[in-house]
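Engineer: The following block contains the structure, expressed as structure tokens.
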Amino acid sequence: MNVFRLAGDMTHLLSVVVLLLKIHTIKSCAGISLKTQELYAVVFAARYLDLFVHFVSLYNTVMKLVFLASSFSIVWYMKRHKIVRRTYDKDHDTFRHYVLVLPCLLLALLINEKFTFREVMWAFSIYLEAVAIFPQLVLLQRTRNIDNLTGQYVFFLGAYRVLYILNWIYRYFTEPHFVHWISWVAGIVQTLLYADFFYYYIMSWKNNVKLELPA
Amino acid sequence: DSEPESHDEL
Chain A
1285 MNVFRLAGDM THLLSVVVLL LKIHTIKSCA GISLKTQELY AVVFAARYLD LFVHFVSLYN
1345 TVMKLVFLAS SFSIVWYMKR HKIVRRTYDK DHDTFRHYVL VLPCLLLALL INEKFTFREV
1405 MWAFSIYLEA VAIFPQLVLL QRTRNIDNLT GQYVFFLGAY RVLYILNWIY RYFTEPHFVH
1465 WISWVAGIVQ TLLYADFFYY YIMSWKNNVK LELPA
Chain B
592 DSEPESHDEL
């Protein structure tokens, strides 16, 4: 495993930790999109179907379990926890799941590395992850006061994507057969979705003002 | 039947 991949996994993990910290200690999920969180739970469930069939390493298995457990518990907190759920901004989180899920499913049936159930689900998870941040970005745009933890959460998620691209470039040069168009194209699309957010995030940090996205 | 190595990522 190269340094970019490890740093990518760590920022991904950090984003989850930041979000759990917000939910667990502040008991608030204000500014967080439940739609995005539900989509991530679907992404991990679809991708990690191989969890008990295909062993890569202890690291891999543990990380998969962490992402599965954290994504489902975040959804649980936002829907069921009696204090946290009251802070959920339902009125502004109006994105419809099927708008993203159905095209991704269709695309996975058409474009996959092998037409087997697990491979189609894997491709589906890659496509869905690429667009799952969409409801979150829409919600941020509608939120007047974006708190620091929410901004950091999205920032770490975006950093994870950038680092994964560096990881693929590194792997391409060190493992010449490592060509996976599905994850590369989807990954680049996913990273571009963050470009706008990154711009405003860095500007707000540089000018020391509160983060706000233009409507 | 071996897995594609892209599946060693998370």
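Which chain is which? The protein sequence lines are A and B, in order.
Take the first sequence: its letter number 189 is residue 1473 in our numbering, and every next letter is one higher.
Take the second sequence: its letter number 7 is residue 598 in our numbering, and every next letter is one higher.
For glycine and all other residues, C-beta sits at the position ideal for the given N, C-alpha and C.
Computed from a predicted model, the values in this text were never measured in an experiment.
Can you give, in chain order, each stretch of the alpha helix (DSSP H) that sits fully within the region 1407-1495 of chain A and has at least 4 residues?
Structural biologist: The qualifying runs are 1418-1426, 1432-1458, 1465-1477 and 1479-1490.
Engineer: Decide if A/Ala1414 is buried, meaning its Cβ has at least 16 other Cβ atoms within 10 Å, or exposed.
Structural biologist: buried
Engineer: Spatial neighbours of A/Cys1313 within its chain, please: CB distance less than 6 Å, with the 5 preceding and 5 following residues excluded, ordered by chain position.
Structural biologist: Excluding five sequence positions before and after A/Cys1313, the CB atoms of its chain that fall closer than 6 Å to its own CB belong to Ile1307, Met1362, Val1368, Thr1371 and Tyr1372, given in chain order.
Engineer: 9 Å is my cut-off, CB to CB: does A/Val1312 come that close to chain B?
Structural biologist: Note on identity: in this sequence residue 1312 of chain A is Ser, with Val being the wrong assignment. So no, A/Ser1312 is outside the interface.
Engineer: Please list, in chain order, all residues of the same chain as A/Ser1299 whose beta carbon is under 6 Å from its beta carbon, the five residues on each side excluded.
Structural biologist: Tyr1437, Phe1440 and Leu1441
Engineer: Which runs of the alpha helix (DSSP H) at least 4 residues long sit entirely within the region 1318-1354 of chain A? Give them in chain order.
Structural biologist: 1318-1331
Engineer: Output needed for A/Lys1348: all residues of its chain with C-beta closer than 8 Å, excluding positions within five of it in sequence on either side, in chain order.
Structural biologist: Phe1328, Tyr1332 and Leu1335
Engineer: In terms of residues, what are the limits of the alpha helix (DSSP H) holding A/Arg1369?
Structural biologist: No alpha helix (DSSP H) holds A/Arg1369; DSSP gives it neither H nor E.
Engineer: Could you round the C-beta distance between A/Ile1466 and A/Ala1407 to whole angstroms and report it? I think they count as a contact, below 8 Å.
Structural biologist: Yes, they are in contact, since the Cβ atoms of A/Ile1466 and A/Ala1407 sit about 6 Å apart, within 8 Å.
Engineer: Quick one: is A/Tyr1448 buried, meaning 16 or more other Cβ sit within 10 Å of its Cβ, or exposed?
Structural biologist: When all chains shown are included, A/Tyr1448 counts as buried.
Engineer: Residues of chain B with a CB under 7 Å from the CB of A/Val1469: which are they?
Structural biologist: Under the 7 Å cutoff, chain B gives no residues; its nearest Cβ is about 12 Å from A/Val1469.
Engineer: Run through DSSP, which three-state label would B/Glu653 get?
Structural biologist: Residue numbering for chain B in the displayed model covers 592 to 601; residue 653 of chain B lies beyond these limits and cannot be assessed.
Engineer: Measure the alpha-carbon distance for A/Gln1483 versus A/Pro1498 and round it to whole angstroms.
Structural biologist: The sequence given here has Tyr at residue 1483 of chain A, not Gln. Between A/Tyr1483 and A/Pro1498, the C-alpha separation is close to 12 Å.
Engineer: Rounded to whole angstroms, what's the CA-CA distance from A/Pro1460 to A/Ile1453? Just pull it up for me.
Structural biologist: 10 Å
Engineer: Starting from the C-beta of A/Leu1389, find all residues in its chain whose C-beta is less than 7 Å away, skip the five residues before and the five after it, and write them out in chain order.
Structural biologist: Phe1408
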